[in-house]
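K.L.:
So that you can map any letter, position 38 of the sequence shown is 23 in the working numbering, and since no number is skipped, the others follow by simple counting.
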Amino acid sequence: MEIGKYICETKKTIRAAAKIWGISKSTCHKDLVDRLPAVDIELSKQVREILAYHKAQRHILGGKATAEKWKKTKENKIIV
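Here's what the structure looks like:
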């Protein structure tokens, strides 16, 4: 339940939350998606909205990261 509150307050990803709590991403996801609704349905709804937003944004962020990686690689080849 604390992980759910943390994600609602900070809007962090499952990966970031799992790292802070020292658990695996799989365990964190299972806690938030399967176990949290049985404990606190309202908090669960808020967490699901945040997770859905992260899922909708991941292809955009991945594309930006890849573009930046190739840009740096290209710059390094020119300098060398």
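The beta carbon of each residue, even a glycine, is placed where N, CA and C say it ideally should be.
(1) Excluding sequence positions up to five away, which residues of its chain have a Cβ less than 8 Å from the Cβ of I35?
(2) If I'm right that V32 touches G(-11) with Cβ under 8 Å, what's the distance once you round it to whole angstroms?
(3) Tell me the DSSP secondary structure of K(-4) in three-state form.
(4) Can you name, in chain order, every residue of its own chain whose Cβ lies under 8 Å from the Cβ of D25, other than the five neighbours on each side?
(5) Measuring CA to CA, which of K49, Y38, T58 and K57 is closest to I(-1)?
P.N.:
Inspection of the coordinates gives the following:
(1) These residues qualify, in order along the chain: I(-8), C(-7) and K(-4).
(2) Right, their Cβ atoms sit about 5 Å apart.
(3) If DSSP states are grouped into helix, strand and coil, K(-4) belongs with coil.
(4) In its chain, beyond the 5 residues on either side, M(-14) and G(-11) have a beta carbon closer than 8 Å to the beta carbon of D25.
(5) Put simply, of K49, Y38, T58 and K57 the residue whose alpha carbon is nearest the alpha carbon of I(-1) is Y38.
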